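As they're listed, the protein sequences go chains D and Z. In terms of our numbering, the first sequence opens at residue 1123 and continues consecutively. In terms of our numbering, the second sequence opens at residue 1123 and continues consecutively. Have a look at the structure below before the remarks.
Protein chains: 2
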Amino acid sequence: MNRSEIKIERIITYRRILLKLYNDGEKNIFSYQLANKCQVSSAQVRRDLMDIGYSGSPANGYEVQCLIKSIAEFIDPDKKQGIALVGLGNLGRAIIDYFNGQSLKLEIVALFDKNPNKINRVIAGCHSYHINDLKEIIIKNNIKTAVISVPSTDAQQVADVLVDGGIKGILNYAPIILNVPDSIYVQNRDMITTLEKVSYFANYNNK
Amino acid sequence: MNRSEIKIERIITYRRILLKLYNDGEKNIFSYQLANKCQVSSAQVRRDLMDIGYSGSPANGYEVQCLIKSIAEFIDPDKKQGIALVGLGNLGRAIIDYFNGQSLKLEIVALFDKNPNKINRVIAGCHSYHINDLKEIIIKNNIKTAVISVPSTDAQQVADVLVDGGIKGILNYAPIILNVPDSIYVQNRDMITTLEKVSYFANYNNK
DNA sequence: AGATGTGAATGGGTTCACAGCA
DNA sequence: TGCTGTGAACCCATTCACATCT
């Protein structure tokens, strides 16, 4: 079974849309309807849902609730997963506010900064620690996923400690390519690259 | 010539790394060295550079300065481009701080919010307006690229005004799929989807 | 009639492998 | 010798197209 990044991302998107539909009281949906909402082809939706092992019916399409459950079985970890966030600037705070409470199985549970004014506080229900305690705390809490929202000058150093502490996945907002072992999954999301790309296509597609 | 999203993103990354090398006084670089720093294959680097029309030499590899210039010719707009940012929460402020001053041809030049306390101010050298003035100002300043960092409840409405005002590219941080015409380039970067994906691969790659 | 599920065809991005060059 | 440049091969994601089902 294919678990490419791009497919996983689509499936996560399907779920978010399905949850919205479920809350609106929708019971069933056809592949082309879900496809429209996600801006992919209906064949793509059918193929993806086939891969996760859920079957609809030609008459009624897919049952929203069952499909959500199948996606959860395919995607979600068995138990709740804690996430560490390093860097409590505007970006770090934004991420906590956006994220916590939005995902059933995932939660940011520990915050880190090097600024003494930002440690030993509670932000959005979450405790902040000095970055010197990073390794100890992620080990103690068995944290496998981390967000880096520190300036790029500090990012590699933070990554080294995270890897040392057993982290397996990193969401990196600093505009550098982190040097980590191949076994660590890294998703780079720096805003400079992204905005340059958007600007490029904004101009290029229209000349 | 191929200008796929993924290639453009790589080329933008090459440039950022080359600029760093240039500042460090490096004159030349081989494809495999650049490849290592970007975590792609050397064949990929050579293919990408071939496509932008820059040639190196087998003896000395690529000249850093010339290559930066060639990339600029391939990627950059002819003149400076202004960018609008809508939504002045923590995320919006983080984006301004991260971005402005980092890109030669791009600059966030106008900020928008609906909260009266946040308008008519100057943040990082940039004026903030009420969102009611959004359309007028992007038209007057010929702005083609925008960032949406408002709550998801407001995002579609903002997108509609942006499209109405002639925007061609949108960087969307709200966790919804925007409904806009096909001719508009949209890059979705919501943190919930991203973090769910990172967590998935953190767990899945290691069991 | 109008969906789903899926083998097969398609398309396009990446890598291979090697000629050419300093 | 060891690199670049590149046609060709490869690989994998997407789409096609249609048998199947209700």
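Note that beta-carbon positions come from the ideal geometry of N, C-alpha and C, so glycine has one too. Just so you know, these numbers come straight off a predicted model, no measurement behind them.
Quick one: is residue i near chain Z, going by C-beta distance under 9 angstroms?
{"i": "Val1208(D)", "result": "no"}
{"i": "Ala1232(D)", "result": "no"}
{"i": "Ile1190(D)", "result": "no"}
{"i": "Pro1199(D)", "result": "yes"}
{"i": "Phe1323(D)", "result": "yes"}
{"i": "Cys1160(D)", "result": "yes"}
{"i": "Thr1316(D)", "result": "yes"}
{"i": "Arg1243(D)", "result": "no"}
{"i": "Ile1151(D)", "result": "no"}
{"i": "Leu1228(D)", "result": "yes"}
{"i": "Ser1305(D)", "result": "yes"}
{"i": "Pro1203(D)", "result": "A small fix is needed here, since residue 1203(D) is Gln in this sequence, not Pro. Gln1203(D) counts as touching chain Z."}
{"i": "Asn1327(D)", "result": "yes"}
{"i": "Met1313(D)", "result": "yes"}
Go ahead and label residue i buried or exposed: buried means 16 or more other beta carbons lie within 10 angstroms of its beta carbon, across all protein chains shown.
{"i": "Ile1197(D)", "result": "buried"}
{"i": "Ser1163(D)", "result": "exposed"}
{"i": "Arg1137(D)", "result": "buried"}
{"i": "Thr1267(Z)", "result": "buried"}
{"i": "Glu1318(Z)", "result": "buried"}
{"i": "Ile1205(D)", "result": "buried"}
{"i": "Pro1273(Z)", "result": "exposed"}
{"i": "Ile1261(Z)", "result": "exposed"}
{"i": "Val1332(D)", "result": "Outside the modelled stretch of chain D, which goes from 1123 to 1329, sits residue 1332(D), for which no answer is possible."}
{"i": "Asn1242(D)", "result": "exposed"}
{"i": "Val1285(D)", "result": "buried"}
{"i": "Ala1181(Z)", "result": "exposed"}
{"i": "Pro1303(D)", "result": "exposed"}
{"i": "Ala1324(D)", "result": "buried"}
{"i": "Val1244(D)", "result": "exposed"}
{"i": "Ser1192(D)", "result": "buried"}
For the putative contact between residue i and residue j, defined by C-beta atoms under 8 angstroms, what is the C-beta separation to the nearest angstrom?
{"i": "Gln1309(Z)", "j": "Asn1294(Z)", "result": "7 angstroms"}
{"i": "Ile1314(Z)", "j": "Tyr1220(D)", "result": "7 angstroms"}
{"i": "Tyr1176(D)", "j": "Leu1189(D)", "result": "6 angstroms"}
For residue i and chain D, any beta-carbon pair shorter than 9 angstroms?
{"i": "Asp1282(Z)", "result": "no"}
{"i": "Ile1260(Z)", "result": "no"}
{"i": "Tyr1220(Z)", "result": "yes"}
{"i": "Gln1166(Z)", "result": "no"}
{"i": "Arg1215(Z)", "result": "yes"}
{"i": "Leu1293(Z)", "result": "yes"}
{"i": "Thr1267(Z)", "result": "yes"}
{"i": "Gln1090(Z)", "result": "Because residue 1090(Z) is not part of the residues shown, which for chain Z are 1123 to 1329, the question remains open."}
{"i": "Glu1195(Z)", "result": "no"}
{"i": "Glu1127(Z)", "result": "yes"}
{"i": "Met1172(Z)", "result": "no"}
{"i": "Gly1147(Z)", "result": "no"}
{"i": "Val1272(Z)", "result": "no"}
{"i": "Gln1224(Z)", "result": "yes"}
{"i": "Val1320(Z)", "result": "yes"}
{"i": "Pro1297(Z)", "result": "yes"}
{"i": "Thr1275(Z)", "result": "no"}
Locate the beta strand (DSSP E) running through residue i, then write down its first and last residues.
{"i": "Val1231(D)", "result": "Leu1228 to Asp1235"}
{"i": "Val1320(Z)", "result": "Premise fails: Val1320(Z) lies in the alpha helix (DSSP H), Met1313 to Tyr1326, not in any beta strand (DSSP E)."}
{"i": "Ser1250(Z)", "result": "Cys1248 to His1252"}
{"i": "Asn1310(D)", "result": "Tyr1307 to Asn1310"}
{"i": "Val1302(D)", "result": "That residue, Val1302(D), is in no beta strand (DSSP E); it is neither H nor E in DSSP."}
{"i": "Ala1268(Z)", "result": "Thr1267 to Ile1270"}
{"i": "Gly1291(D)", "result": "Gly1291 to Asn1294"}
Hey, quick one: how far does the alpha helix (DSSP H) through residue i stretch, first residue to last?
{"i": "Tyr1176(Z)", "result": "That residue, Tyr1176(Z), is in no alpha helix (DSSP H); it is neither H nor E in DSSP."}
{"i": "Gly1204(D)", "result": "Per DSSP, Gly1204(D) belongs to no alpha helix (DSSP H); it is in the beta strand (DSSP E), Gln1203 to Val1208."}
{"i": "Val1285(D)", "result": "Ser1274 to Asp1286"}
{"i": "Asp1219(Z)", "result": "Asn1212 to Phe1221"}
Got a sec? Which residues, its chain only, sit under 8 angstroms from residue i by beta carbon, not counting five neighbours each side?
{"i": "Ser1305(D)", "result": "Lys1290"}
{"i": "Gln1187(Z)", "result": "Tyr1144 and Lys1149"}
{"i": "Asn1301(D)", "result": "Gln1278 and Ala1281"}
{"i": "Lys1201(Z)", "result": "Lys1227"}
{"i": "Asn1108(D)", "result": "Residue 1108(D) is absent from the model: chain D starts at 1123 and stops at 1329."}
{"i": "Asp1173(D)", "result": "Met1123, Asn1124 and Lys1129"}
{"i": "Glu1185(Z)", "result": "Lys1149, Asn1150 and Gly1178"}
Which same chain residues end up closer than 6 angstroms to residue i when comparing Cβ atoms and leaving out the 5 residues on each side of it in sequence?
{"i": "Lys1236(D)", "result": "Ile1253"}
{"i": "Ser1271(D)", "result": "Gly1209, Leu1213, Gly1214 and Tyr1295"}
{"i": "Gly1183(Z)", "result": "Asn1150, Ile1151 and Phe1152"}
{"i": "Asn1263(D)", "result": "Gly1204"}
{"i": "Ile1298(D)", "result": "Ser1274 and Ala1277"}
{"i": "Tyr1154(Z)", "result": "Ser1164"}
Only counting the same chain, and skipping five residues up and downstream in sequence, which positions put a Cβ closer than 7 angstroms to that of residue i?
{"i": "Lys1240(Z)", "result": "Leu1210 and Ser1250"}
{"i": "Ile1259(Z)", "result": "Ala1232 and Tyr1251"}
{"i": "Lys1159(Z)", "result": "Ile1139"}
{"i": "Ile1217(Z)", "result": "Leu1207, Val1269 and Ser1271"}
{"i": "Asp1146(Z)", "result": "none"}
{"i": "Pro1199(Z)", "result": "Lys1227"}
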